[in-house]
Amino acid sequence: MNGSALRIEASASNVANARSNGPVPQTPPDRPVPRSDDPRSVYQPVDVVQVSTGSGTAARMSERLPAYELRYQPDAPFADARGMVAAPNVDYTREIADQAASVAAFKANAKVFSTASEMARTVIDMKT
1 MNGSALRIEA SASNVANARS NGPVPQTPPD RPVPRSDDPR SVYQPVDVVQ
51 VSTGSGTAAR MSERLPAYEL RYQPDAPFAD ARGMVAAPNV DYTREIADQA
101 ASVAAFKANA KVFSTASEMA RTVIDMKT
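Here is the structure:
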């Protein structure tokens, strides 16, 4: 359930920041964008990586690569000499699909907990 909630959080952050263009970073798009205190810097989209552990799964956020794409926006105050800006690599279709899958997984997990609770109550009732 935590993994599903984290996926929804990551996707919501990506959608909220999808239009936050910024100056073209020194790093190429296939590398993470360095963290900056500059509010003009391009947003670094994130994905959630889930890995199996001995006791279940663990989820964590990681930078999406490529991090940004170049867009022509010569009127932007931070555009480079060619009129290019960096735009976050966010695809709305992908984000909507991720959110829908995360909600479905969350509901399925909640149903598993509910069923397990009902079964435990039934066992307790049978013993009394």
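Heads up, the sequence shown is in UniProt numbering, so the first residue is 1 and it goes up one at a time.
Glycine included, every Cβ here is placed at the ideal spot set by N, Cα and C.
>> For ASN89 and SER13, I'd like the C-alpha separation in whole angstroms.
In response: Taking the straight line from one Cα to the other gives about 12 Å.
>> Here's the rule I'm using: 16 or more other beta-carbon atoms within 10 Å means buried, otherwise exposed. How should residue 210 be labelled?
In response: Any question about residue 210 goes unanswered here, given that the chain covers just 1 to 128.
>> In the DSSP assignment, the alpha helix (DSSP H) including GLY3 goes from what residue to what residue?
In response: Per DSSP, GLY3 belongs to the alpha helix (DSSP H) from 2-16.
> Candidates VAL33, PRO23, ILE8: which alpha carbon is nearest PRO77's?
Replying inline: Closest option to PRO77, Cα to Cα, is PRO23.
> For ALA110, is the classification buried or exposed, using 16 other Cβ atoms within 10 angstroms of its Cβ as the cut-off for buried?
Replying inline: With a 10 Å radius around the Cβ and a threshold of 16 neighbouring Cβ atoms, ALA110 comes out exposed.
> Nearest to ARG71 by CA position, among ALA87, ALA5, ALA59, ALA81, is which residue?
Replying inline: It is ALA87 whose Cα lies nearest to the Cα of ARG71.
> Taking the C-alpha atoms as reference points, what is the distance between LYS127 and GLU118?
Replying inline: Cα to Cα, the separation comes out at about 14 Å.
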